[in-house]
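Listed in order, the protein sequences are those of chains U and Y.
Under UniProt numbering, think of the first position of the first sequence as 1, with each following residue one higher.
Under UniProt numbering, think of the first position of the second sequence as 1, with each following residue one higher.
C-beta atoms are modelled at their ideal positions from N, C-alpha and C, and glycine is treated no differently.
Note that this is a predicted model, so its numbers are computed, not measured.
Shown next, in structure tokens, is the structure this report addresses.
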Amino acid sequence: MAEVEETLKRIQSQKGVQGIIVVNAEGIPIKTTLDNSTTVQYAALIHQLVLKARSTVRDMDPQNDLTFLRLRSKKNEIMVAPDKEYFLIVIQNPTD
Amino acid sequence: MFTDETLETVGAESLWRKSRLLQQESKTCQTAELKTAEVEVQAGHTSENATQTEADEHRTQHFALERESPIHYPGLGEFLHSVEGVVVKELKRNVKSHAFEGFEVNWEDQSETVSCLHALQYSEAQESGLQVTSLSWNTTGSVVACAYGRLDDGDWSTEKSFVCTWNLDRRGLNPKRPDLVIDVPTSVMCLSFHPSKPSLIAGGLYSGEVLVWDTSRTLDPLCARTAMSDETHREPVYQVHWVPGARRGGGFSVLSAGADGRILVWQLDSEGQLTLSDGFALVTQQVPRNIKLSKARGDSLLGVTSLSLCPWDSDMFLVGVEGGLVLKCSFSTHTPAAVSSPSSGLALRAPAQFSFSSHAGPIHAIHCSPFHRNLFLCAGMDGHAHLRSLLQATPLLSLRLSDSYLFSVRWSPTRPLVFAAATGQGSVVIFDLGQGSLRPAATIEQDAGGKPVYCLEFNPKQPHLLAAGNADGTVKIWQLSAELIEQGQREAAQLEQLANEATE
């Protein structure tokens with residue numbers, strides 16, 4: 001367990017990182033550094049987006065698969081590293 | 001011959017009356033004996049027990065896992081281990097990347113110019129030469145209400161005036177005919193819509209009364225009024241606001257401030273009366289003297305011309321008075337006001353805690369910034385708008401926006417550095433603090449023949465709409481250009497920087 005916390009801390013300490021959420025395969029957040037309501041909102045919306053992105057990639061080429069998703073907006077950038085059982089969502093403000 | 005003789009008495013028995021004694025009988029009775037018994041009981045052995053919940057110290061913001069027996073997520077460690085390298089590399093690259101600098105996306109149709117969407121008028125009011133004294137948007141942003149009255153009249157006027165509302169989202173919007181017209185016996189000086197109920201409006205009149213209308217009632221919109229008594233305002237009410245009530249989760253109360261120096265808080269009760277629940281009075285001698293006041297009499301009351309509630313701190317409010325003084329006041333003050341209070345009434349309190357340096361004329365408008373705790377704007381008759389911080393007495397910036405008076409100033413609800421001011425020359429000036437120049441970002445001519453613009457309000461829900469009312473009785477709704485509405489990237493930080501310059 002300590003190892004998990006250590007890893008999350010290392011990621012959190014990178015420059016500009018505003019928050020980290022780890023979501024399981026059903027879209028339920030299991031670890032987070034943000035407050036409850038924001039976490040729930042992010043988890044639900046981004047989970048759906050990742051599933052849609054993955055199906056897009058696989059539809060175009062069944063041999064291909066999604067490895068990383070980056071969503072850039074005016075105020076920040078959201079990065080998602082997907083996996084079979086978990087997703088890691090990191091929110092960073094690169095101009096800070 | 002004659003001798004004394006006594007004869008026996010002669011009696012005759014009554015034939016019809018018999019002795020009663022013969023017919024009376026006496027009887028007695030007695031209840032049977034009552035059985036009673038006494039018993040006592042006493043607890044021979046006592047014990048006490050109590051339970052209490054303790055504050056749960058384990059509750060933190062982490063989402064589900066602060067328990068003693070951790071839920072072991074199988075594979076989480078490996079997942080994070082495999083993903084960490086990639087993520088950290090991307091994060092580092094992102095910070096150094098210049099890829100997106102200067103890259104802007106246009107999602108919506110950018111309107112380059114400011115255009116007038118509607119010019120709303122009410123013919124009867126215009127015929128009597130009434131001016132628009134106050135405007136308010138309702139909480140959903142679709143209805144604008146305007147109050148007619150006179151601001152340039154010094155006399156006591158008993159002229160009838162109106163409050164009109166227009167619903168801008170309706171299809172059949174006729175700018176010449178308001179959706180609802182409410183007749184009012186004297187000039188209305190200020191208006192305010194309820195922050196959550198879209199149909200309640202509160203208004204303050206020239207005669208000192210405060211009225212609340214409910215626009216959803218067709219028969220008689222007047223829903224509550226203040227009674228005329230010793231405790232109510234006797235002079236024009238210049239500001240009316242809704243403040244959250246004292247009860248938790250309760251409704252809002254109406255705050256009214258008038259030229260008689262009193263700030264009163266009213267509660268709506270069910271019978272259509274506004275009852276006084278709290279009150280404050282501003283007395284000259286009780287104003288904290290960082291700045292020397294003019295030679296006003298010590299016990300005279302300072303008329304309030306503008307008021308602003310602070311969105312960050314519900315206890316504080318700012319008041320601008322007739323002499324040009326700006327005061328910081330508190331709702332929870334305890335000092336009683338040095339005013340002779342009426343016999344049965346509420347004891348008024350003195351709210352002033354700090355006074356800022358004064359302007360050279362009455363302050364017509366104060367507005368607290370919705371983006372920064374400490375900043376507020378105030379504008380008065382000297383044509384200057386001052387950007388001030390709550391932490392110091394002198395202004396941070398003093399901007400000369402007009403050669404004549406400024407009647408109203410409002411922060412933009414979307415851009416932290418932008419504010420708009422209504423001038424006495426008939427134009428609305430929009431100023432951008434981020435541009436660093438002394439000239440305004442935009443000037444909108446209201447085209448009112450040089451007559452002053454008395455009030456302006458941004459639409460809270462549709463930030464591209466700005467309503468401005470002027471002295472010839474029209475309300476113009478302007479659609480602002482995109483650059484005046486959309487927030488740039490670093491504006492909040494720039495505002496913070498501006499505020500911090502104060503202390504240096």
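How would you write the range of the beta strand (DSSP E) that LYS328 of chain Y sits in, first residue to last? Counting along the chain, the beta strand (DSSP E) containing LYS328 of chain Y begins and ends at 326-330.
Report the rounded CA-to-CA distance for LEU76 of chain Y versus ASP169 of chain Y, giving the unit in angstroms. Rounded to whole angstroms, the separation of the alpha carbons of ASP169 of chain Y and LEU76 of chain Y is 52 Å.
When you compare only the Cα positions, how much space is there between SER343 of chain Y and ARG349 of chain Y? Its pLDDT being 48, under 50, SER343 of chain Y is placed unreliably by the model, and the measurement read from it follows with that caveat. Straight-line spacing of the CA atoms in SER343 of chain Y and ARG349 of chain Y works out to 15 Å.
Does any residue of chain U bring its CB to less than 8 Å from the CB of ASN94 of chain Y? Yes, ASN94 of chain Y counts as interfacial toward chain U.
ARG70 of chain U, enclosing beta strand (DSSP E) - first and last residue: ARG70 of chain U -> beta strand (DSSP E) spans 69-72.
Considering only the beta carbon of each residue, do VAL453 of chain Y and PHE407 of chain Y sit closer than 8 Å? Yes, these two residues count as a Cβ contact at 8 Å.
Going by DSSP in three states, SER344 of chain Y sits in which element: helix, strand or coil? Here SER344 of chain Y scores only 49 on pLDDT, less than 50, and its place in the model is too uncertain to base an answer on.
Is there a Cβ from chain Y that is less than 8 Å from the Cβ of GLN12 of chain U? Not closer than 8 Å to any Cβ of chain Y, the Cβ of GLN12 of chain U fails to qualify, so no.
Which of the three DSSP states is assigned to SER437 of chain Y in this structure? In the structure shown, SER437 of chain Y sits in coil (DSSP, three-state: anything other than H, G, I, E or B).
Measure from the C-beta of ALA44 of chain U to each C-beta in chain Y and report whether the shortest distance is under 8 Å. Contact with chain Y is absent for ALA44 of chain U, since none of that chain's Cβ atoms lies less than 8 Å from the residue's Cβ.
Would you be able to state if there are at least three C-beta pairs under 8 Å between the stretch 322-329 of chain Y and the stretch 361-380 of chain Y? With a cut-off of 8 Å, the stretch 322-329 of chain Y and the stretch 361-380 of chain Y count as touching, because enough Cβ pairs lie within range.
Comparing the C-beta of GLU124 of chain Y with each C-beta of chain U, is any distance below 8 Å? No, because no Cβ of chain U sits closer than 8 Å to the Cβ of GLU124 of chain Y.
Thinking residue 506 of chain Y and LEU495 of chain Y are a contact (beta carbons under 8 Å), I'd like their distance in whole angstroms, please. For residue 506 of chain Y there is no data in the structure shown, the boundaries of chain Y being 1 and 504.
Would you say GLU85 of chain U lies against chain Y (beta-carbon separation less than 8 Å)? When Cβ-Cβ separations below 8 Å define contact, GLU85 of chain U makes contact with chain Y.
Roughly how many angstroms lie between the CA atoms of LEU465 of chain Y and LYS89 of chain Y, to the nearest whole one? Rounded to whole angstroms, LEU465 of chain Y to LYS89 of chain Y spans 45 Å at the Cα level.
Could you give the first and the last residue of the continuous beta strand (DSSP E) run that contains ASP50 of chain U? Here the sequence assigns Val to residue 50 of chain U, which means Asp is not the residue at that position. Run containing VAL50 of chain U: none in the beta strand (DSSP E); it sits in the alpha helix (DSSP H), 36-60.
Use the C-beta contact count for SER229 of chain Y: other C-beta atoms within 10 angstroms, 16 or more gives buried, fewer gives exposed. SER229 of chain Y comes out exposed.
Look at the alpha carbon of SER314 of chain Y and the alpha carbon of THR394 of chain Y, and state the distance between them as a whole number of angstroms. Rounded to whole angstroms, SER314 of chain Y to THR394 of chain Y spans 24 Å at the Cα level.
Just to confirm, is the Cβ distance from GLY245 of chain Y to SER253 of chain Y under 8 Å? Yes, they are a contact pair.
Which residue's Cα is closest to the Cα of residue 528 of chain Y: Y:THR165, Y:SER196 and Y:GLU124? Residue 528 of chain Y lies beyond the residue range present for chain Y, which begins at 1 and ends at 504; the question has no answer from this structure.
Where GLU77 of chain U meets chain Y, residues with beta-carbon distance less than 8 Å: Contacts between GLU77 of chain U and chain Y, judged by CB atoms closer than 8 Å, involve ASN94 in chain order.
Taking 8 Å as the CB-CB limit, is LEU88 of chain U close to chain Y? Answer yes: the Cβ-Cβ gap between LEU88 of chain U and chain Y drops below 8 Å somewhere.
Within the continuous beta strand (DSSP E) that includes GLU77 of chain U, where are the two ends? Element bounds for GLU77 of chain U: 77-82.
Kindly examine the ligand NAD and report whether one of its heavy atoms sits closer than 7 Å to the Cβ of HIS194 of chain Y. No copy of the ligand NAD occurs in the structure displayed, which carries no ligand at all.
Given this structure, state the Cα-to-Cα distance separating PRO178 of chain Y from SER97 of chain Y, to the nearest angstrom. The straight-line gap separating the alpha-carbon atoms of PRO178 of chain Y and SER97 of chain Y is approximately 56 Å.
I want to know whether the stretch 26-40 of chain U touches the stretch 1-10 of chain Y - three or more CB-CB distances under 8 Å. No, they do not touch.
Would DSSP call ASN174 of chain Y helix, strand or coil? For ASN174 of chain Y, the three-state secondary structure derived from DSSP is coil.
Any beta carbon from chain U within less than 8 Å of TYR454 of chain Y's own beta carbon? By this cut-off, TYR454 of chain Y is not an interface position.
Where DSSP assigns a beta bridge to ASP183 of chain Y, which residues make up the other side? Its beta-bridge partners are Y:PHE162.
In chain order, what residues of the same chain have a beta carbon less than 8 Å from the beta carbon of ASP65 of chain U, not counting five sequence neighbours either side? Excluding residues up to 5 positions away in sequence, ARG54, VAL57 and ARG58 lie with their Cβ nearer than 8 Å to the Cβ of ASP65 of chain U in the same chain.
Mapping DSSP to helix, strand and coil, what is THR284 of chain Y? In this structure, THR284 of chain Y counts as helix in the three-state DSSP scheme.
Own chain, CB closer than 6 Å to ARG70 of chain U, minus 5 neighbours either side, in chain order: MET79, listed in sequence order.
Can you look up GLY383 of chain Y in the DSSP assignment and give me helix, strand or coil? The answer is coil: DSSP assigns GLY383 of chain Y none of H, G, I, E or B.
For GLY469 of chain Y and GLN121 of chain Y, believed in contact at Cβ under 8 Å, the rounded distance: Not a contact, Cβ separation roughly 11 Å.
Would you list the one or two residues that DSSP bridges to CYS116 of chain Y? The bridge partners DSSP lists for CYS116 of chain Y are Y:TRP478.
Skipping 5 residues on each side, what residues in its chain have a beta carbon closer than 7 Å to that of PRO94 of chain U? Once the five neighbours on either side are set aside, the close Cβ partners of PRO94 of chain U are GLY16 and GLU77.
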